[in-house]
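Working notes for the structure below.
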DNA sequence: TCTTACAAGGGGAAATAACCCCTTTTTGTA
DNA sequence: TACAAAAAGGGGTTATTTCCCCTTGTAAGA
């Protein structure tokens, strides 16, 4: 009986290489490949590598992050089982990975025993949702007032998180200052904030910009 | 000839456990212990465990972080060799670890080969400074125009990172709005920024406020 | 004792941000 | 195709921020 095949996608070489030893130490599991970021992995898949049973996907990566990669996987290989791996447990990120098809979300401070369990469950049952994830799922069901930001709004927010004036932002986006005024007012209402400072804080908290 | 002993201090169990496999795979090295945070490690040291040849110390930990731990080690066991391990390479943090006595600073995306090299160099020569660290050291020597923020200024910055107006901030600090005006202008000059947005970005980048 | 430095406070003006209410154009879709 | 919704643009006003230059008291150094 052949072993369950795992591919690791993580930019922290020290971690991915080490993790591959850990996975290798489990009976029934073997690492079939290690990639440094989503782009490398996708290139390899396009190049025709054999898909593994489970992909372990880091969320925070510089080149092509977990969320982008997850989207691509969902579109092109919707049945691929993926477990997200991350150090951060903020609701936004977790939910985005799950809604894009991740079958599990593990924090990097997970006990190796739980980790093995998660691998086994995802392989056999198809998913593994920790208490944290379940909590977020329930939360989402209850108050489903999700805030949707449009592309253009996100562009505006990013520029608002600089020392540019709104006039300069308008120039940068090739829009009239008055249109920018509209964007701002919309966002203030939608995000329940009152000032540009609030917008900056929101943007950073929700990782729309990174500093 | 006995092996070189390593202790790992890192809150990410998945990482520390995995890393211990990696270290174990190197000839001449063995892991003598794994601790979840600085507090656990220090407690163990106080309890009389044998100090290892090298401590691998994570910088970002929830309970007692790398910097605090490093300070304690410097005070109590100044000859202990420590290599800092971190995902972040911002100058502030790197320099604080180095000035507190870390013999090396490695990023978690380091190649395992470099990692092994670093272990060997720290053991034999006593230190291992990557290009990044050397760069920061030189930088520190050249422009030693460190920015010092006064207590009251920090208080002001924290309030500036909210949706309060300056008038409200003045009330909050029991000062005249005009004094606040002075604080702001001082900071704008000192930090080479032009707007309150710039101040907020500075504050977050330098961890004066956390969001 | 005589600076020097700095915290605190201030006047007044110009630029920018925030607010409210409105029109035109584009777009999606029933 | 026609209707509704969303995007873009606008007028006019007020509040806030930013800027420059100034005074006073106080405490530490030379």
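Chains as they are written, first to last, in my numbering: chain A, 194 to 404; chain B, 194 to 404.
No residue lacks a Cβ here, since even glycine has one placed at the ideal position from N, Cα and C.
Keep in mind the model is a prediction, meaning the values are calculated, not measured.
DSSP places residue 240 of chain A outside any alpha helix (DSSP H), giving it a letter other than H or E.
Here DSSP, grouped into helix, strand and coil, assigns residue 208 of chain B to helix. Per DSSP, residue 320 of chain B lies in no beta strand (DSSP E) segment and is marked neither H nor E.
In the structure shown, residue 266 of chain B adopts helical secondary structure according to DSSP, grouped into three states.
In the structure shown, the three-state DSSP call for residue 373 of chain A is helix. Residue 222 of chain B is bridged by DSSP to B:197. With respect to the C-alpha of residue 315 of chain B, the residue from B:324, B:246, B:304 and B:204 having the closest C-alpha is B:246.
With fewer than 16 other beta carbons inside 10 angstroms of its own, residue 268 of chain B counts as exposed. Here the segment 365-384 of chain A makes no contact with the segment 322-335 of chain A; the two share fewer than three CB pairs at distances below 8 Å. Against residue 308 of chain A, the close residues of chain B are 207, in the order they occur along the chain (beta-carbon pairs closer than 7 Å). Nearest neighbour of residue 238 of chain A by Cα position, chosen from A:383, A:270 and A:258, turns out to be A:270. Residue 323 of chain A does not reach chain B, its nearest Cβ partner there being about 13 Å away, counting only Cβ pairs nearer than 7 Å. With respect to residue 390 of chain B, residue 389 of chain A sits close: the two C-beta atoms are nearer than 9 Å. Looking at B:242, B:309, B:205 and B:282, the one whose alpha-carbon comes closest to that of residue 219 of chain B is B:309. Inclusion of residue 290 of chain B and residue 240 of chain B in the CB contact set at 9 Å is not warranted, their separation being larger than that value. Chain-order list of chain B residues neighbouring residue 231 of chain A: empty, with the shortest C-beta distance near 15 Å, by a criterion of under 9 Å.
For the pair residue 281 of chain B and residue 257 of chain B, the CB atoms are not nearer than the 9 Å cut-off. Counted as a single uninterrupted DSSP element, the alpha helix (DSSP H) harbouring residue 287 of chain A occupies residues 284-292.
Within the segment 269-302 of chain B, the residues whose Cβ lies closer than 7 Å to any Cβ of chain A are, in chain order, 280, 301 and 302.
Within the segment 364-381 of chain B, no residue has its Cβ closer than 9 Å to any Cβ of chain A. Nearest neighbour of residue 306 of chain B by Cα position, chosen from A:201, A:396 and A:211, turns out to be A:211.
Taking the CA atoms as reference points, residue 349 of chain A sits about 10 Å from residue 343 of chain A. Counting of Cβ neighbours within 10 angstroms places residue 354 of chain A among the buried residues, the total reaching 16 or more. In the DSSP assignment, the residues bridged to residue 277 of chain A are A:250 and A:298.
Not a single CB atom of chain B sits nearer than 9 Å to the CB of residue 258 of chain A. For residue 283 of chain B, the closest C-alpha among the options B:296, B:252 and B:263 is that of B:252. Listed along chain A are 356, each with a C-beta nearer than 9 Å to that of residue 386 of chain B. Taken in chain order, the complete alpha helix (DSSP H) segments of 4 or more residues contained in the segment 342-370 of chain B are 344-353 and 359-365. By the neighbour-count criterion, in which 16 or more other beta carbons inside 10 Å mark a residue as buried, residue 297 of chain A falls on the buried side. The C-alpha of residue 293 of chain B lies about 14 Å from the C-alpha of residue 320 of chain B. Of A:346, A:287 and A:295, the smallest CA-CA separation from residue 263 of chain A is found for A:295.
Under DSSP, no beta-bridge partner is assigned to residue 235 of chain B.
If you check the CB distance, residue 227 of chain B and residue 200 of chain B come in under 9 Å. Collapsing the DSSP output to three states places residue 260 of chain A in a helix. Within chain B, no C-beta atom comes nearer than 7 Å to that of residue 347 of chain A; the closest sits roughly 17 Å away. Contacts with chain A at 9 Å (Cβ-Cβ) do not include residue 226 of chain B.
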